[in-house]
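**Student:** Okay, here's the structure, questions in a sec.
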Ligand SMILES: *[C@@H]1O[C@H](CO)[C@@H](O)[C@H](O)[C@H]1NC(C)=O
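In mature numbering (1 follows the signal peptide of the UniProt record, and there is no 0), the protein residues as written are -22 to -1, 1 to 241.
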């Protein structure tokens, strides 16, 4: 398991791939009067995807005149929410790791550290799910709005049959697709971690202490009667059972001393 390192790394991947994104699509407007044409109109957009602020100049196909065209939609709330959660999850997992390593005794004192960790981990799991879902939805909308075929519909000249409009290339989505995947991976990672953090809280300790005592007792019986295979079998949970079989065979050959040395 790469628990802590993955939590830190996956959070970085999530906000870096989303927050660091910039893309470009390119369309062409081929006017009937060739002079007015622009066969390579580049449209750049980036995080946080306030597409209503993204504009470009397109020919009107009327005596070299041009118009300014704006894209549609504001997807900044979902994108910023996602990046914010990712950044805070990154910071939290970093700080929690440092606190856990440096102040381990303080962390367990009064059980406040484990309890806080438990609650915060639950909240972050939930936030990862919500923000990843919101961002996945926003991304699918961004893909539609920035599709070159959709952008052509915004250009006045393209509504005239005699002019020909086309798409040169669309934006690359691999980075943003990755951010969504990492968003949901983070959710799985944090949700899975709830159990491990829960074990650190007092609620689990009672049960584990009883289980610990029981296994101690079984170990005691086993040590007192090393040759009694039956008492060992009762413990059941030992995964070295096969080894013991080999050991006791060995002890029959080598004698009791060599057997206890093996222990
Ligand atoms: C075509 O549009 C681009 C902007 O995407 C602009 O830089 C370029 O000058 C235009 N070309 C012509 C011939 O107007």
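Don't be surprised by glycine CBs; every beta carbon is placed ideally from N, CA and C.
Taking buried to mean at least 16 other C-beta atoms within 10 Å of its own C-beta, is residue 22 buried or exposed?
**Tutor:** Within 10 angstroms of the beta-carbon of residue 22 lie fewer than 16 other beta-carbons, which makes it exposed.
**Student:** Are the stretch 167 to 179 and the stretch 111 to 125 touching by the rule of at least three beta carbon pairs closer than 8 Å?
**Tutor:** Result no; under three Cβ-Cβ pairs closer than 8 Å.
**Student:** Report whether the distance from the Cβ of residue 34 to the nearest heavy atom of ligand 1 is below 7 Å.
**Tutor:** yes
**Student:** DSSP puts residue 2 in a beta bridge; with which residues?
**Tutor:** 22
**Student:** So is the beta-carbon of residue 20 under 7 Å away from any non-hydrogen atom of ligand 1?
**Tutor:** yes
**Student:** Does the distance between the C-beta of residue 16 and the nearest non-hydrogen atom of ligand 2 fall short of 7 Å?
**Tutor:** Ligand 2 is not among the ligands present in this structure, which contains only ligand 1.
**Student:** Alpha carbon to alpha carbon, how far is residue 140 from residue 149?
**Tutor:** 27 Å
**Student:** Between which two residues does the beta strand (DSSP E) carrying residue 146 extend?
**Tutor:** 142 to 147
**Student:** Is the beta carbon of residue 134 sitting closer than 8 Å to the one on residue 45?
**Tutor:** yes
**Student:** Within a Cβ cutoff of 6 Å, which residues of the same chain sit near residue -4, ignoring the five residues on either side of it in sequence?
**Tutor:** 25 and 61
**Student:** Classify residue 105 as buried or exposed, calling it buried when 16 or more other Cβ atoms lie within 10 Å of its own Cβ.
**Tutor:** Around the beta-carbon of residue 105, 16 or more other beta-carbon atoms lie within 10 Å, marking it buried.
**Student:** If you follow the alpha helix (DSSP H) that residue 86 is part of, which residue opens it and which one closes it?
**Tutor:** 82 to 86
**Student:** Is the CB-CB distance between residue 145 and residue -19 below 8 Å?
**Tutor:** no
**Student:** Our contact map puts residue 131 next to residue 47 with C-beta atoms below 8 Å; I'd like the distance itself, whole angstroms only.
**Tutor:** The pair is not a contact, with the Cβ atoms about 10 Å apart (cut-off 8 Å).
**Student:** I need the straight-line Cα distance from residue 10 to residue -6, nearest angstrom please.
**Tutor:** 42 Å
**Student:** Please state whether the Cβ-Cβ distance between residue 42 and residue 14 is less than 8 Å.
**Tutor:** yes
**Student:** Given a threshold of 16 other Cβ atoms within 10 Å of its Cβ, counted over all protein chains shown, does residue 215 qualify as buried or as exposed?
**Tutor:** Its pLDDT being 40, under 50, residue 215 is placed unreliably in this model, and the value from its coordinates should be taken loosely. Residue 215 comes out exposed.
**Student:** Please classify residue 7: does DSSP put it in a helix, a strand, or coil?
**Tutor:** It is a strand residue.
**Student:** Can you give me the Cβ contacts of residue 212 inside the same chain, cut-off strictly under 6 Å, excluding the 5 residues immediately before and after it?
**Tutor:** For residue 212, the predicted structure reports a pLDDT of 42, less than 50, and the residue's modelled location is therefore unreliable. The matter cannot be settled from this model.
**Student:** List, from N- to C-terminal side, the beta strand (DSSP E) runs of 3 residues or more that fit wholly inside the stretch 34 to 76.
**Tutor:** Scanning the stretch 34 to 76 from its first residue to its last, the whole beta strand (DSSP E) runs of 3-plus residues come out as 44 to 48.
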